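One structure is given here, and the rest of the page talks about it.
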Amino acid sequence: MEKKNVIFLSVIAVATLLTAVVGTTFAYFTATVTGNETSKNVNVTTANMSVVYTQGDKVSIANLVPGQAIPAMTFNVKNSGQSAVDYKLAWQDVNKSWTAESLATNGKGGVDTDIQYTISACDATYTTCNTVIHASSVLPNADGDITTADTLTLAAGATAYYKVQVVFTDNTEAAQDALQGQTFGGTVVVSAAVQSGHLN
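Here the numbering used here is used: the first residue of the sequence shown is 2, the next is one more, and so on.
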């Protein structure tokens, strides 16, 4: 009889322990929910990003000539949402008539690094663009993300202003004939980036 009591009490003890563990786990997860406990729905307003191109929506270059002045592409990004948002820039609709490999094999001179672009953050009038967010690099061969020095974050209701500048360096010490007459086209677009701490 004593053994049965011990077993019975052990079963009750285990059952009580399981109940306590389950209850604790449930309480832990419910404790992570914040807000109005009486509300049945949680409404979240995500960021609403818009892009305005002030001088056309494409970087478009035709009949390249070394040292030519290539018009910059300027655009602004506005966050009309209710919270800050992290975002990234990307190339879209890229159409480039040359590659590093094609230049290396044609024997006419010129290298891919002769034509490079930078992206800078500007003031609202685009007259001061002192903050480089993408350092000088070759134009892309295809669509893809653009690396930036820092994470791009835009506060609720704020607007950021950018300039994309392409430069064809005139190399006076080497031929660049293979690059003359080439074309490039592409658009810089904005997309939300998934980052902790901000709604995207």
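A virtual CB, placed ideally from N, CA and C, is assigned to each residue, including glycine.
Keep in mind it's a predicted model, so treat the numbers as computed, not measured.
*Alpha carbon to alpha carbon, what distance is there between glutamine 183 and glycine 82?*
41 Å
*Top-ranked residue by Cα proximity to leucine 90, from Gly108, Asn107, Asn64, Ser51*: Ser51
_Starting from threonine 132, trace the beta strand (DSSP E) in both directions and tell me its first and last residue._
132–139
_Residue burial classification, valine 66 (beta-carbon count within 10 angstroms, cutoff 16)_ = exposed
*Would you say the beta carbon of glutamine 69 comes nearer than 7 Å to a heavy atom of the ligand FAD?*
You won't find the ligand FAD in this model; it holds no ligand whatsoever.
*Could you tell me the boundaries of the beta strand (DSSP E) in which leucine 155 lies?*
153–155
*asked:* Under DSSP, the alpha helix (DSSP H) around leucine 65 begins and ends at which residues?
replied: Note, leucine 65: premise wrong, no alpha helix (DSSP H); not H, not E.
*Sequence-distant residues of its chain with Cβ nearer than 6 Å to threonine 128 (five each side left out)*: none
*Residues bridged to aspartate 146 [DSSP beta-bridge criterion]*: Ala91
*For glutamine 69, count neighbouring C-beta atoms within 10 Å of its own C-beta (all shown protein chains included) and say buried if the count is 16 or more, exposed if not.*
exposed
*Alpha carbon to alpha carbon, how far is isoleucine 62 from threonine 114? Give it in angstroms, no decimals.*
16 Å
*Ignore the nearest five residues each way along the sequence and tell me which others in aspartate 58's own chain have a CB closer than 6 Å to its CB.*
Thr188
*For asparagine 96, count neighbouring Cβ atoms within 10 angstroms of its own Cβ and tell me buried if that reaches 16, exposed if not.*
exposed
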